[in-house]
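Protein chains in written order, with numbering that gives the first Met the number 0: chain A, 0 to 705; chain B, 0 to 705. Glycine is no exception: its CB is placed at the ideal position from the N, C-alpha and C atoms. Working notes, beginning with the structure itself.
Number of protein chains: 2
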Amino acid sequence: MSLAQIQRIMNARSVAIYGASDDISKWGGGLMHQLRRHGWQGKIFPINRKEFVQGQKAYLDIGSIPEPVDLACVAVPVDQVGRVIGECADVGVAACLIISSNFAEAGEDGLRRQEELVEIASARGTRLLGPNCMGLMNTHAQFNLCNSASSEYYDHTPSGPIGIASQSGALMGTMLARSYTCGIGLSSGISVGNQADLEVADFFEYLIDDENTRIICLYIEEMRSPERFRELAQRSIAAGKPVLLVKAGRSEGGAHAVQSHTGSLAGTHESLAAVCHQLGVVLLDDVIDMIDIAMAWVSVGDWSEGGVAVATASGGGGALAMDALDAAGFSLPTLGASTQAALGRWAPPTHLQLPLDVGVLASHNPPRDLPQGILESLKAVMADDAVGAGIYVMTTQKNAQACWEAVIETAKTCGKPYVFVNQSSEVGSAASRAMREASLLEVTSLTSATTVLGGLRDIHRALTLPQRTAAVPPLDASVAALLPAEDGEPVTISEAETKAMLAAAGLPVPRQAMARDADEASRIAQEIGFPVVLKIDATGVTHKSDMGGVAVNLTTDSAVRAAFKSIAAAAERHLQPGQMQGCLVQQMVPGDVELIVGARWDAQFGTMVVVGVGGTLVELLHDVQILPAPFTREEVLPQLQRLKLYPLLTGYRGARPVDLDRLVDTVCRIGDFAASLGPRLLEFDANPVRISGSNICIADARAVIR
Amino acid sequence: MSLAQIQRIMNARSVAIYGASDDISKWGGGLMHQLRRHGWQGKIFPINRKEFVQGQKAYLDIGSIPEPVDLACVAVPVDQVGRVIGECADVGVAACLIISSNFAEAGEDGLRRQEELVEIASARGTRLLGPNCMGLMNTHAQFNLCNSASSEYYDHTPSGPIGIASQSGALMGTMLARSYTCGIGLSSGISVGNQADLEVADFFEYLIDDENTRIICLYIEEMRSPERFRELAQRSIAAGKPVLLVKAGRSEGGAHAVQSHTGSLAGTHESLAAVCHQLGVVLLDDVIDMIDIAMAWVSVGDWSEGGVAVATASGGGGALAMDALDAAGFSLPTLGASTQAALGRWAPPTHLQLPLDVGVLASHNPPRDLPQGILESLKAVMADDAVGAGIYVMTTQKNAQACWEAVIETAKTCGKPYVFVNQSSEVGSAASRAMREASLLEVTSLTSATTVLGGLRDIHRALTLPQRTAAVPPLDASVAALLPAEDGEPVTISEAETKAMLAAAGLPVPRQAMARDADEASRIAQEIGFPVVLKIDATGVTHKSDMGGVAVNLTTDSAVRAAFKSIAAAAERHLQPGQMQGCLVQQMVPGDVELIVGARWDAQFGTMVVVGVGGTLVELLHDVQILPAPFTREEVLPQLQRLKLYPLLTGYRGARPVDLDRLVDTVCRIGDFAASLGPRLLEFDANPVRISGSNICIADARAVIR
C-alpha cells in the first residue's frame, strides 16, 4: 500500500509548489529553482497569486491546475499548512511534502498542529511527508526536490547506487556532499522530518525495492516501528542490499537534542545495538563514516577474508598504520613465498615483507621503471592469499603520482577492498582529484581507514549470516497458571514464586521449600539432604546477603537451626515486624563458575536476554552481552565468546571447564521462557546460575511481572 | 655541549652541499633548490666537479671553499659518505647532515657502515645528523634545508610557534602540510633519520630553549635515551611548553615496520604510556592528531574547566555531536539563567538550552538581524561559567557564512577553546578558506574534534601538574644483605625469601615459618596461632594451588597435620622426588579485598609498579594501572581510581571499605622497595595483598632477582 504511493512520489511526473516565489532564497522559491536547475523533465505548477513565478505560469490554488498532480510541496507559514493540505486532499494529490516547520519539534502546541494535519490528510487518503523536512531526490530521474545547501552547490545530481533515508535533512545533505566530493552518486535521498505520517521505514522499503539502489544508509532519531525495521532489515540483507544505520540519541544529551529536534524519544541504545548485531545491520556513530563505508563497498567491493596489507612511501607512516590496524583488531598478513619472489624483482631482499615501502622501491630501481615496479608490487601483494584487503598511506612523498595511479589501477582490478588514505592535506590535492575522477573513496586519517575496513567486514558478515529461524514460542500453560492476575501494574514476585515458574518451564532449579520456623527448616533440610542454604523470604528485600539474610554451606541439623535464628534476629534489627515470611531452605548447588542470565522487556525491541560471567563483579565490569529473544543455539556461543571473562568457562588456570553445550541449551531455554512471557515479563534475573561441569542450576532468581 | 652545536646548525650562515646538481629531482639538487627558493639569506656552496651548479659557483671539495662552513649537507652514494665526512671533519665543519640512505635501516652491513661514519666524525669533533634523514628547517630564518614533497609544494616557509622533531622525514612533511593547510606555521622542523649521532632528544632540548617555539611535537620510533627524555619533558612542561608525542611500534607489526625503517627496537608501549601520564606528556596515535592539537592550543588557547557547548544548524548534527562528546567523557553543560536570558533575545523559549540550534535562530529572526543573532548567541554561550569549550558542527547548511564568521569572531575572543568541525566536504570549501585565513584549526570529523578537545584537556593537566619530588631511595642495608650473590643471571627466589626481604624493608607480611614435616608444621602453627595456611615450598612451582599445594583456613592441629600429608601426596604425584622442600606455615590473613601489586624492570624506563584489584581475575581483565617508580603518595590514589574495580575498595554493596590512606602508603613503600633495588629486581609480584579495613598484609609474594 505505502510502497505504491511512495513509488508514485519518487517518480512523480507533476509537482505543485505552494510557496513558490521568485526569491530563491526562500524555501518554496529555492525548491522550484533546484528542481528546474537539476534538469527534471516533469511538470512544475507554482502556486502563487502572481501570474508568473520564475517565468512560469502560476496558479491561484491546486484546484485551478488543469491536470492531475502527483505531489504537492508545501512551504507556507505554519498557520496555512492545514488549509493547503485540505485543498490538496480535495483534488486527490497523492502526497504532500511539508517543508514548513514549527510542529512537533516546537513543543505541545506544535504537536497538536501536527496531529491536525494527519487527521485532515488521512481522512481523505492523502499521504504526508514531513513536516519540518528538507525534501527528496531521485537522481535517476534528475528529480531534485531538495532545498539543502548541497543541492544549491551542485548544478546537477550525479546518480549512483547509494540510497539514503534520513530524519535529518542537513545530515542527508552532508552525506550527499561527501559522496559527490568523492565522485560517487546517490540513487535516492529522502529527508522525512517529523514523520507525522510517512516514516523512514516506508522509504527503507522503497529503497529495498528500488533497482537503482545497491546499499542503504539510514539516519534515525526515533525508531517509529521497530518490528517493521527488523523485518525490512532482514529482507534487505537477504536481497543482498547491506543496511547501514546511524541512530542519534545514544547519550542523555544527544537524546535531549533529538527530542527538541523532532519531538521524538530515543530508545535504549544497547538493545538497538544487539538487534543490529543479530540482523547484520551495520550500526555507526557518524554519518560521514556511514557514507564512506557505503562508498567503499560500491567502489571497491566486498570484504575478503585475510589480513590488511599496508603500502606506503614512509617507514613511519607504515609503522603507524600497522599500529592502528592492530589496535582495531585486523590481522597483519605475512606474504607467501611466491609473492616475495614477485616483489624480489623490484625490492631488495631486506624488504620483501609488509608494509610495502615504495620509498625503498624508488631507491632500488631506475626512475623510468619505477611506476611499473610500484604497480606490479601492489598487485603482487594484493594477489597473496593471506591478504584480504589493502590500504595505501600517502604521506607527503616523492613519486606521488606513480603511487596514486598504481593504487587506482590496483583498487579497480584486485577484487579485494582497497582504501586510499591521503594524509598529505593540500600537498596531496592532485591525488584527491585523481581519486574523485576514478570514483574511489579517499579518507584522510588512519581512524577513518580502520572504520571503513571494519564496516566492510561487518557488511560481509551480514551478507553471509544464516537465515534467522527463531520464533516466539507459545506460553506454556503450566507457567501461565503461576502468573499473578493481569491488572497492568508491575509486581515483584519472590524467589520461590520465580523458581516455581522456572521449574514449570523445565529449567533447572535447586530442590527447596519454605520454612516458617527453625523446626520446619530442620525438617526440610533433612528431606533435601545436606548441605543446604537458608535465605530470608521477606517482601521488598532484594539484596538478601547485605542484611544478613543468607547462610550457606549448612552441613548439620544444628547449623540449620542456628542459622534460622540468626536470620530472624537480623530481620528484627533491619526489617519491619511481620515483613519476614520465613526462610527458603535450599539444596546447596555446587559451582565452579557463576553466570548471570537476565531478561528485560524493551519497549521498542521486545525481550532482551543479558548474559554475563562472574557473580557480583558483572555489575562493576559491565562485561555482558545482549541477545534479543528468541534466538537460536547458533547465536549463543559467539556472544559468550565476546565476554572478557569467557576464559572462566573453558577451564581457566586448571579449573574444570564448563559443559558449553549444556550451557548454550540453558541460555536458549531461558530465552524461550522470557520470550514466551513477552511484555508481561518486565524484568528477570537468574543470578547466579551456578555451573559445575555439566551440572547447571539457577541458584537464585527474581522477576517483575506485569 | 650539544645545544650550542645544534644552535649553530639551526642558525647556520653557510651550507655546503655534497651532491648538489642542476637536476632538482635529485636529493642534492632539490635541497639546494629549496634552500634558495624559500629565501634563505645564508651562503650556499655547491660541491661538484662542474664550474657552476644552478647558476652558482661550485667547489671541487669542501677544502676549496674559502670560508668556514657551518653545515655540510651530504647527498652522495652510500660508498662515498665516509670519505666526505672525513673531508668535512678535517676542515672543522660543525655538523654533517646525511641524506644518503642504506645504513642501519638496511641490515647488518648497513649498520656497520653507519658505525664507521660515527667513528670518523666523533674522532674529529664533527656532529652527524642522519643518515637516512630528510633535512631540517628553521622557518624564522627562512632556512628550509628539507627536501620533502611539502617543501617542494610551497614556495615559502610560513613561520609559527610549533616545533617538530621527527624520526620520519615523511611524517614531518605530513605535519607541515597539515599545518600550512590550516594557515598555521612551524618554528622548526628536524628530521633526524637513523640517529647515528644527534638524536630526537638533542633537538627536543633545542626546541625547549628556542624562543620561537611554544609547543613541541615529537615523532619517535626508537627512544634512544629515555632518562634524558624524562628530564627534558619535565623541563619543557615546567617552562610552559607542552610536549606531544607519537611513538610508533605499539603493535608487533608496527614494531617490525619500525625495525626495518631505522634499525631500532621498539620499547614497551605500556611503560611509555605510564611515564607520559606521570610527566604530562600527551601521547597520541597519529601525527595528524598531534599537529591538530598543537594548532588548536596555539590558536584557540588553553583548556578551561567545564563542559563542551555544541552549536550547529542541524538538529541531527547536534545530537550526534552530543553523543560523541558524551562517549569521549566530556560533560554537556546546562546553561545558566543569565545565558538563557541573553539567548532569549534571539531564540524562542523552547530553544534556550544546548545544543544551540542556529537553524532555529534563522526561522525566528529576520534575515538582516541573523548574523548579529548568531554571533551574540555563540558569545553568550561561551561566556557561561558552566561552559569550558565549544564546538561548531557545520553540516551542509543555510546561512553558512554568517555562522563561520561568528565562529571565527567567537574563537578569537572568548578565551576558551573553540573547535570548528566542517562536515560539509567541498560544499563547505569557502568556510575552509576563511578558517585558514583566520589561522584557525578546522577538523572534518567528530572523532577528530573529540581527540583535539581531549588533547587540550591533557595539555592543561600537564601544565598544572605539581612538580615531581619523588627520588630513588637508597637500598636498605638489611634488604641488601638478603640478596643472592650478583652474578648477572636471573634467579627466581622463593616465597619465604621474598617475604624476608619485604619484612626487612618494613612491609607487612604474615607471621610464618618453614616446616619440613607434619610435626614441625603442627608446632609452628601453635606458635603462630590458628587459623593457618599451608603452602608447598618447592623449586620451580609458581601456581601452587593448581597442583594441590595449598590448604587454607586450618583451625586445628589435626587439620594442619592432615593438610601437610595431603600436600606431600600431591607433590609425589606432580613433582620430581626431592623437589618439595617442605611447607610454609603461615598466619591466615583476613581480607575483604585482594590486590595485586607487582613491579617490573623496564629496560628503557626502569622500575614500573603495577597495581590491580580482584585476585586471579586481574589477569583476564587487564584491569591494572602502571606507576613508574619512585612515585609520591599523591600519584597513587588517582591511579587506583582509574581501575574499573576501584569500587571494591570503597565499600561495594555493603562491604567494609578499605583504609585508602594505609593502602596508598603500602603501595608507595612497595614502590620504594622496588625502586631501591633498581635493575636487580627484574620481576616482583605481591599477590594477593589482602586488605581488611586498615589491616593490610602481603599474603603471597615472589621475585626474580638478577
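request  = Can you tell me which of the three DSSP states B:G469 falls into?
outcome  = A quick correction: the sequence has Ala, not Gly, at residue 469 of chain B. Three-state DSSP puts B:A469 in coil, outside helix and strand.
inquiry  = Counting only C-beta atoms, is B:S298 closer than 9 Å to chain A at any point?
reply    = no
key: Partners in chain A for B:Q194, counting only beta-carbon separations shorter than 7 Å   = Those do not exist, as B:Q194 stays about 13 Å from chain A at its closest Cβ, beyond 7 Å.
Selection from A:E633, A:D60 and A:D301 that minimises the alpha carbon distance to A:N213 = The sequence as given places Arg at residue 213 of chain A; Asn does not occur at that position. Nearest C-alpha to A:R213: A:D301.
ask   = Is there contact between the region 342 to 359 of chain B and the region 265 to 278 of chain A, where contact requires at least three CB pairs shorter than 8 Å?
value = no
query = Measuring CB to CB, does B:G389 end up less than 9 Å from B:V297?
reply = no
task = Quick one: list the residues of chain B neighbouring A:P646, beta-carbon separation under 8 Å, in chain order.
result = L619
task = Mind listing the chain A neighbours of B:H542? Cutoff is C-beta to C-beta under 8 Å, in chain order.
result = R652 and G653
task = Whole angstroms is fine: what's the gap from B:S447's alpha carbon to B:D288's?
result = 7 Å
query = Any Cβ of chain A within less than 9 Å of the Cβ of B:M222?
reply = no
query = Does the region 593 to 600 of chain B come close enough to the region 686 to 705 of chain B that 3 or more CB-CB pairs lie under 8 Å?
reply = yes
Among B:L553, B:G85 and B:Q603, the one whose alpha carbon lies nearest that of B:K534 = B:L553
inquiry  = Alpha carbons only, please: which of A:P472, A:A499 and A:T468 is nearest the one belonging to A:P483?
reply    = A:A499
query = Can a CB atom of chain B be found closer than 9 Å to the CB of A:K534?
reply = no
request  = Compare the C-beta of A:R689 against all C-beta atoms of chain B and say whether one is closer than 9 Å.
outcome  = no
ask   = Hey, is B:T138's beta-carbon within less than 9 Å of any beta-carbon in chain A?
value = no
task = Could you name the residues of chain A that B:Y218 contacts, counting a contact when the two beta carbons are closer than 8 Å?
result = G315
ask   = Of the choices A:I119, A:K240 and A:G129, whose alpha-carbon is the least far from that of A:C72?
value = A:G129
inquiry  = Can you pull out the residues from the region 229 to 243 of chain A whose beta carbon lies closer than 8 Å to at least one beta carbon of chain B?
reply    = none
request  = Measure the C-alpha to C-alpha separation of B:D356 and A:I215 and round it to an integer number of angstroms.
outcome  = 28 Å
task = Give the interface partners of A:I98 over in chain B, defined as CB-CB distance under 7 Å, in chain order.
result = Within 7 Å Cβ-Cβ: nothing; A:I98 doesn't reach chain B, min ~11 Å.
query = Between A:S691 and B:Q194, what straight-line distance do the alpha-carbon atoms span, to the nearest angstrom?
reply = 59 Å
request  = Assign A:V229 to one of two classes, buried (16 or more other C-beta atoms within 10 Å of its C-beta) or exposed (fewer than that).
outcome  = According to the sequence provided, residue 229 of chain A is Arg. The question's Val does not apply to it. By the 10 Å Cβ count, A:R229 comes out buried.
ask   = What residues in the region 164 to 181 of chain B bring their beta carbon closer than 7 Å to a beta carbon of chain A?
value = Q166, S167, A169, L170, G172, T173, A176, R177 and T180
ask   = Quick one, which residues of the region 425 to 442 of chain A are near chain B if we go by CB-CB under 8 Å, in chain order?
value = E425, V426 and G427
task = Starting from the beta carbon of B:S250, find every residue of chain A whose beta carbon is closer than 8 Å, and list them in chain order.
result = M321, D322, L324, D325, A326 and L331
ask   = Under the three-state reduction of DSSP, which class applies to B:E375: helix, strand or coil?
value = helix
message = Under 9 Å, Cβ to Cβ, is there at least one residue of chain C near B:G613?
response = Among the chains of the structure shown, chain C does not appear; the protein chains present are A and B.
ask   = When the Cβ atoms of the region 563 to 573 of chain A are set against those of the region 653 to 665 of chain A, are three or more pairs found closer than 8 Å?
value = no
query = Using the beta-carbon of each residue, which ones in chain A are nearer than 8 Å to B:A106?
reply = Before going on, a small fix: residue 106 of chain B reads as Gly here, not Ala. Correct list: T349.
request  = Please report how far the alpha carbon of A:D556 lies from the alpha carbon of A:V532, in whole angstroms.
outcome  = 12 Å
inquiry  = Please state the DSSP three-state secondary structure of B:L264.
reply    = Interpretation of B:L264 is limited by its pLDDT of 36, a score under 50 that renders its predicted location unreliable; no figure is taken from the coordinates.
key: C-alpha distance - A:D78 paired with A:R48, whole-angstrom precision   = 18 Å
query = Helix or strand or just coil, what does DSSP make of B:W600?
reply = strand
key: Residues of the region 138 to 164 of chain B whose Cβ lies closer than 7 Å to any Cβ of chain A, in chain order   = S147, A148, S149 and Y152
request  = Return the chain-ordered list of same chain residues with a C-beta closer than 6 Å to the C-beta of B:G316, the five sequence neighbours on each side being excluded.
outcome  = V392 and T394
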